[in-house]
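*Asks:*
Numbering (the working numbering), first residue to last: 434 to 796.
1) According to the Cβ coordinates, are residue 427 and residue 779 closer than 9 Å?
2) Would you list the residues sitting across from residue 761 in a DSSP beta bridge?
3) Opposite residue 500 in the DSSP bridges: which residues?
4) Determine the direct distance from the alpha carbon of residue 453 to that of residue 447, and round the result to whole angstroms.
5) Enumerate, from N- to C-terminal direction, the unbroken beta strand (DSSP E) stretches of 3 or more residues contained entirely within the region 631-718.
6) Determine contact between the region 562-574 and the region 652-666, defined as no fewer than three beta-carbon pairs at a distance below 8 Å.
7) Can you tell me whether residue 783 is buried or exposed, with buried defined as 16 or more other CB within 10 angstroms of its CB?
8) Please name the residue or residues paired with residue 570 in a DSSP beta bridge.
9) Give me the Cα-Cα distance between residue 634 and residue 623, rounded to the nearest whole angstrom.
10) From what residue to what residue does the alpha helix (DSSP H) around residue 420 run?
11) CB residue 758 to CB residue 706, shorter than 9 Å?
12) Compare the C-alpha of residue 612 against each of 621, 523, 549 and name the closest.
13) On the criterion of 16 or more Cβ atoms from any shown chain inside 10 Å, does residue 721 qualify as buried, or is it exposed?
14) Counting Cβ pairs closer than 8 Å, one from the region 698-712 and one from the region 675-684, do we hit at least three?
15) Tell me whether residue 511 sits in a helix, a strand or coil according to DSSP, three-state version.
16) Between the beta-carbon of residue 592 and the beta-carbon of residue 605, is there less than 9 Å?
17) Provide the residue span of the beta strand (DSSP E) that contains residue 739, from first to last.
18) Put residue 725 into one of helix, strand or coil per three-state DSSP.
19) Could you pull out every residue in the same chain whose Cβ sits closer than 6 Å to the Cβ of residue 497, ignoring the five residues on either side in sequence?
20) Counting Cβ pairs closer than 8 Å, one from the region 781-796 and one from the region 744-762, do we hit at least three?
21) So what's residue 755 in DSSP terms, helix, strand or just coil?
22) Take residue 481 and list the residues in its own chain whose beta-carbon comes closer than 8 Å to its own, dropping the five residues that flank it on each side.
23) Taking just the CA atoms, how far does residue 789 sit from residue 422?
24) Using only the alpha-carbon positions, how far apart do residue 731 and residue 704 sit?
25) How should residue 473 be labelled, buried or exposed, when 16 other C-beta atoms within 10 angstroms of its C-beta is the threshold for buried?
26) Between residue 676 and residue 628, what straight-line distance do the alpha-carbon atoms span, to the nearest angstrom?
27) With respect to 8 Å, is the separation between the Cβ of residue 472 and the closest non-hydrogen atom of the ligand COA below this value?
28) Below 8 Å on the Cβ atoms is my contact criterion, and I expect residue 647 with residue 667 to pass it. Report the Cβ-Cβ distance as a whole number of Å.
29) Compute the beta-carbon to beta-carbon distance between residue 554 and residue 540, rounded to the nearest angstrom, for a pair I have assumed lies under 8 Å.
30) Should residue 515 be labelled buried (16 or more other beta-carbon atoms within 10 Å of its own) or exposed?
31) Hey, how far is the Cα of residue 658 from the Cα of residue 640?
32) Among 518, 616, 610, 581, which has the Cα closest to the Cα of residue 630?
33) So, is residue 503 buried or exposed, given that buried needs 16 or more other C-beta atoms within 10 angstroms?
34) Less than 9 Å between the C-beta atoms of residue 727 and residue 773, yes or no?
Here it is in C-alpha cells:
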C-alpha cells in the first residue's frame with residue numbers, strides 16, 4: 434500500500450518521461466511476484482469472509498468489500514482547510530460486510546480451469562443468502578439488515594430495490610457467464626431455462642418485452658409482493674454485453690480462429706448447445722430437421738454467413754467440434770472438409786466473409 438501511494442503521489446501531475454528496459458526473464462520474474470501477491474490477497478480475503486444478517490461467516494463465499502477504521506495514528510502538525518488536524522495512520526482494523534454477488538463472480542474468473550472448485554463455489558452461492566428462491570435468481574447482495582449508513586447509499590433503499598438486495602441483471606449475467614466459461618454446462622442451462630435469463634423469464638411478471646434488459650429487477654425481499662420479479666429502468670446495460678458473450682460461447686465457442694503449430698490460421702466451431710435447442714418435447718413448435726432427418730439449429734456468423742448445425746440424435750453439444758464442414762461459396766462451388774477444423778485457405782475466406790454463402794457443420 435505504501436509503494437502504491439508513493440507512486441500515485443509521484444505521477445499525480447505528470448510523468449517524468451524516463452524509461453527503463455527489462456529483459457523477458459526480468460519481466461517474467463516481476464509478473465510472478467505480482468501474481469503471488471494477488472493470490473495471497475485472495476487467500477487473506479477468504480480468511481476474513483463475510484458477516485451479515487443470517488450469515489455467520491462460514492458460507493465460504495468470497496467477500497467483495499471491506500472497510501478500514503484507523504485505530505492508531507500520529508498527528509503531522511498540519512491542518513486541512515477546515516482547521517482539522519491531519520494524521521498518519523499507524524494501524525487499522527478491518528470491517529467485514531455481508532456478501533455481494535460480485536465476490537464469487539470475480540473469484541470464479543481465477544479458477545476457470547478447476548472444475549471441482551467451480552462446482553463447489555456454485556453450490557455455496559446457490560445455498561447462500563445470495564439466492565432469491567422465490568424468483569430463482571441471484572441478489573446483488575445478501576440482506577443488509579443491521580448495516581449502518583456508513584456502508585453507503587444502498588442502505589437508503591428498501592430491501593429488494595436498486596442497490597439493496599435487488600436483482601441486478603448485469604451482475605447476474607456476469608455470474609451466469611462465469612458458469613459457461615467454466616464449462617459448468619448443466620448448471621448454466623438449468624439457471625438459464627429456470628428463468629434467470631431472458632427470454633425464459635415470465636413476461637407477465639417481468640412487465641416488459643423479454644427482448645428488453647432492465648437495470649434491476651425488484652426481488653422477493655421487496656416489501657410489496659405485487660412487484661416481485663418486475664424489471665425497472667429498461668436500458669442497454671452491461672447485461673446486453675454479457676449476453677453477447679454468452680451467445681458467442683454457446684454458438685461459436687471460445688476461439689473460432691487460432692494459429693496452429695506452423696503459425697497458420699485455422700477455423701473451428703466448438704458450440705455449447707443443450708439438446709432442447711434441437712428438440713424440446715415440452716414446446717409447442719416442431720423441431721427443425723434437414724432432408725436427412727437430422728435436427729438442426731442455425732445462426733449467422735458475422736451477421737451475414739448462415740451456419741447450420743446438424744445433430745443426428747438431438748444430443749447435447751457441449752464443447753465438442755463438428756466432424757465435417759460443408760462450405761458453400763457465393764460462386765456456387767462447395768468445399769467439404771472431413772475434419773474437426775477448417776484449414777488455412779478456407780479459414781481465411783471465412784474470416785473475410787465476403788466470399789462464403791453458408792456453412793453446414795455435421796456432428
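Backbone N, C-alpha and C fix where the C-beta goes; we use that ideal spot for every residue, glycine too.
*Replies:* Reading it off the structure:
1) What is shown of the chain runs 434 to 796, which leaves residue 427 out entirely.
2) 767, 791
3) Among the bridge pairs identified by DSSP, residue 500 is matched with 528.
4) 17 Å
5) 647-650, 664-667, 690-692, 698-700
6) yes
7) With 16 or more other Cβ atoms within 10 Å, it is buried.
8) Residue 570 is bridged by DSSP to 565.
9) 13 Å
10) Nothing about residue 420 can be read from this structure; the chain reaches only from 434 to 796.
11) no
12) Comparing Cα positions, the closest option is 621.
13) It is exposed - the Cβ of residue 721 has fewer than 16 other Cβ atoms within 10 Å.
14) yes
15) strand
16) No. Outside cutoff.
17) Run containing residue 739: 738-744, per the beta strand (DSSP E) assignment.
18) coil
19) 533, 535, 536
20) With a cut-off of 8 Å, the region 744-762 and the region 781-796 count as touching, because enough Cβ pairs lie within range.
21) coil
22) 496, 499, 527, 529
23) Absent from the model: residue 422. The displayed extent of the chain is 434 to 796, so no value can be given.
24) 12 Å
25) Result: exposed.
26) Distance between residue 676 and residue 628, taken at the CA atoms: about 15 Å.
27) This structure lacks the ligand COA; in fact it carries no ligand of any kind.
28) Beta-carbon to beta-carbon, residue 647 and residue 667 are separated by about 6 Å, close enough to satisfy the 8 Å threshold.
29) So it is a contact: roughly 7 Å between Cβ atoms.
30) Exposed, since its Cβ has fewer than 16 Cβ neighbours within 10 Å.
31) So the two alpha carbons sit approximately 14 Å from each other.
32) 610
33) exposed
34) Taking 9 Å as the Cβ cut-off, residue 727 and residue 773 do not qualify as a contacting pair.
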